[in-house]
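Enquirer:
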Amino acid sequence: MDLNFKKELANGYSSNSQIARVLSESWVKLNSYCPSCGEKPLNDFENNRPVADFYCKKCSEEFELKSKNGKFSTTITDGAYDTMIQRITSDTNPNFFFLTYSKELVVDNFLIIPKQFFTPDIIIKRKPLSETARRAGWTGCNIDLSKVSELGKIFLVEKTKIINPEIVQTAFNKTTFLRNKSLDSKGWILDILNCIEKIPNRDFTLKDIYNFEKDLKVKYPNNNFIKDKIRQQLQLLRDREIIEFNGRGTYKKID
13 MDLNFKKELA NGYSSNSQIA RVLSESWVKL NSYCPSCGEK PLNDFENNRP VADFYCKKCS
73 EEFELKSKNG KFSTTITDGA YDTMIQRITS DTNPNFFFLT YSKELVVDNF LIIPKQFFTP
133 DIIIKRKPLS ETARRAGWTG CNIDLSKVSE LGKIFLVEKT KIINPEIVQT AFNKTTFLRN
193 KSLDSKGWIL DILNCIEKIP NRDFTLKDIY NFEKDLKVKY PNNNFIKDKI RQQLQLLRDR
253 EIIEFNGRGT YKKID
């Protein structure tokens with residue numbers, strides 16, 4: 013994997029946004045691989061396709077790329093809010109690649125967030141454009157990556173370090189079971205995952221998770237069995253080998 017952009021590919025383009033798009037998309041096509049099955053190269057869709065930028069011929073996973081010059085940020089600016097919500101709640105939503113690069117046109121970070129981690133909770137609605145704007149009333153959105161579980165942030169390149177593809181594939185496929193869950197069920201699992209990740213110690217207890225009961229009650233006000241739901245999700249995460257049950261209400265996070 014060559015972390016340098018091929019600058020000559022931008023010859024003939026004058027717009028900074030066009031140059032960034034051409035260089036970043038070309039880099040992905042030349043250097044990336046499918047995080048699901050390892051197939052290389054990825055194939056690009058026709059220009060201006062509304063759903064995704066790349067796809068894998070072998071396993072049919074689809075990917076959209078978002079790139080940025082500068083440091084990696086947990087807030088990503090995106091397009092129309094309603095369109096984004098419709099996409100991520102559909103059956104055809106893509107996985108998302110996020111790429112950051114330096115002013116020297118070298119890739120710093122390249123990560124994928126699998127589509128199962130995209131829920132309405134992480135999409136933040138921006139203020140509508142003013143009445144004097146050309147697109148008055150248009151409402152955009154931001155993607156808040158700070159709300160995404162760490163299991164959903166899978167780096168292929170982290171701070172210019174290339175991650176072993178086998179590690180990437182294992183991490184990617186570890187949570188694909190979420191795709192078969194309803195939006196409500198997936199939401200519960202991801203919420204409990206986030207609770208677990210807020211606990212600083214690797215070992216934790218059922219009581220530690222129960223401490224989040226009030227927060228979960230705010231999100232699920234009509235559920236009168238929060239503790240039952242917590243235990244249910246812990247059992248599922250244990251069965252999926254995301255956490256380990258050590259008996260007597262004690263658990264361990266699995267790396």
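Using my numbering, the first residue of the sequence shown is number 13, and each one after it goes up by one.
Built from N, CA and C at the ideal position, the CB exists for glycine as well.
1) Taking one C-beta from the stretch 144-152 and one from the stretch 85-94 each time, how about it: are there three or more such pairs within less than 8 Å?
2) Is it the case that the Cβ atoms of Pro47 and Phe184 are separated by a distance below 8 Å?
3) Assuming contact is defined by CB atoms lying nearer than 8 Å, are Leu291 and Asn16 in contact in what I supplied?
4) Figure out for me which residue from Arg243, Asp196 and Ile174 has the closest Cα to the Cα of Glu225.
5) Straight-line CA distance for Gln240 to Lys52?
6) What's the gap between the Cα of Ser142 and the Cα of Leu205?
7) What residue range does the beta strand (DSSP E) around Ser79 cover?
8) Going by the beta-carbon positions, is the gap between Leu54 and Leu35 smaller than 8 Å?
9) Can you list, in chain order, the residues of its chain whose CB lies under 8 Å from that of Asn107, leaving out five sequence neighbours each side?
10) Should the stretch 227-236 be regarded as contacting the stretch 161-169, the criterion being three or more beta carbon pairs within less than 8 Å?
11) Check Gly199 in the structure and name its three-state DSSP category.
12) Is it buried or exposed for Cys71, if we count other Cβ within 10 angstroms and need 16 for buried?
13) Leaving out the 5 sequence neighbours to the left and right, which residues in its chain are closer than 8 Å to Arg138 when beta-carbon positions are compared?
14) On a Cα-Cα basis, can you pick out the residue from Gln30, Glu37 and Tyr45 that is closest to Met13?
15) Where Asp65 and Ile201 are concerned, what is the direct C-alpha to C-alpha distance, given to the nearest angstrom?
16) Is it buried or exposed, Phe237, if we count other Cβ atoms within 10 angstroms and call 16 or more buried?
17) Can you check DSSP and say which residues form a bridge with Cys153?
18) What first and last residue would you give for the beta strand (DSSP E) that runs through Leu123?
19) If Glu162 sits next to Glu209, beta carbons under 8 Å apart, how far is it from one beta carbon to the other, in whole angstroms?
20) How far does the alpha helix (DSSP H) with Tyr222 in it reach, from first residue to last?
21) Could you name each continuous alpha helix (DSSP H) segment of 4 residues or more that falls completely within the stretch 158-196, going from the start of the chain to the end?
22) Start and end of the beta strand (DSSP E) containing Asn258?
23) How far does the beta strand (DSSP E) with Asn107 in it reach, from first residue to last?
Expert: Per the coordinate set shown:
1) With contact defined as three or more Cβ pairs closer than 8 Å, the stretch 144-152 and the stretch 85-94 are in contact.
2) Start at 1 with the first residue of the sequence shown, and residue 47 comes out as number 35. Start at 1 with the first residue of the sequence shown, and residue 184 comes out as number 172. Yes.
3) Only positions 13 to 267 of the chain appear in this structure, which leaves residue 291 out of reach.
4) Position 213 of the sequence shown, counted from the first residue, corresponds to residue 225. Comparing Cα-Cα distances from Glu225 to each of Arg243, Asp196 and Ile174, the minimum goes to Arg243.
5) The residue given as residue 240 occupies position 228 in the sequence shown. The residue given as residue 52 occupies position 40 in the sequence shown. In the sequence on display, residue 240 carries Asp and not Gln. In a straight line, the C-alpha of Asp240 is about 44 Å away from that of Lys52.
6) The residue you call residue 142 lines up with position 130 of the sequence shown. The residue you call residue 205 lines up with position 193 of the sequence shown. As the crow flies, the alpha-carbon of Ser142 is around 39 Å from that of Leu205.
7) Numbered from its first residue, the sequence shown carries residue 79 at position 67. Note, Ser79: beta strand (DSSP E), Glu74 to Asn81.
8) Sequence index remark: in the sequence shown, residue 54 carries index 42 (1-based). Sequence index remark: in the sequence shown, residue 35 carries index 23 (1-based). Their beta carbons are not under 8 Å apart, which means Leu54 does not touch Leu35 by this criterion.
9) Taking the sequence shown and counting its residues from 1, one reaches residue 107 at position 95. Within the same chain, Pro47, Glu73, Glu74, Phe75, Glu76, Ile124, Ile125, Pro126 and Lys127 come within 8 Å of Asn107 by CB-CB distance, once the 5 residues on both sides are set aside.
10) Taking 8 Å as the limit for Cβ pairs, the verdict is that the stretch 161-169 does not touch the stretch 227-236.
11) On the sequence shown, position 187 is the one that residue 199 refers to. The answer is helix: DSSP assigns Gly199 an H, G or I state.
12) The residue you call residue 71 lines up with position 59 of the sequence shown. Per the 10 Å Cβ criterion, exposed.
13) The residue you call residue 138 lines up with position 126 of the sequence shown. The answer, listed in chain order, is Tyr93, Thr151, Gly152, Cys153 and Asn154.
14) Stepping through the sequence shown from its first residue, residue 13 is reached at position 1. Closest in C-alpha terms to Met13, from the list Gln30, Glu37 and Tyr45, comes Tyr45.
15) For the purposes of this step, residue 65 is identified with residue 53 of the sequence shown, where counting begins at 1. For the purposes of this step, residue 201 is identified with residue 189 of the sequence shown, where counting begins at 1. Going from the Cα of Asp65 to the Cα of Ile201 covers about 29 Å.
16) The residue given as residue 237 occupies position 225 in the sequence shown. With fewer than 16 other Cβ atoms inside 10 Å of its own Cβ, Phe237 counts as exposed.
17) The count along the sequence shown starts at 1 and reaches residue 153 at position 141. Looking at the DSSP output, Cys153 shares a beta bridge with Asp90 and Lys137.
18) Locating residue 123 in the sequence shown gives position 111, counting from the first residue. Here the beta strand (DSSP E) through Leu123 covers Val119 to Ile125.
19) Reading the sequence shown from its first residue, position 150 is the one you call residue 162. Reading the sequence shown from its first residue, position 197 is the one you call residue 209. About 6 Å separates the two Cβ atoms, so the contact holds.
20) As a position in the sequence shown, residue 222 is number 210, starting the count at 1. Element bounds for Tyr222: Leu218 to Tyr222.
21) Within the stretch 158-196, the complete alpha helix (DSSP H) runs of at least 4 residues are 177-185.
22) In the sequence shown, the residue the question calls residue 258 occupies position 246. According to the DSSP assignment, Asn258 belongs to the beta strand (DSSP E) that extends over Ile255 to Gly259.
23) Start at 1 with the first residue of the sequence shown, and residue 107 comes out as number 95. According to the DSSP assignment, Asn107 belongs to the beta strand (DSSP E) that extends over Asn107 to Tyr113.
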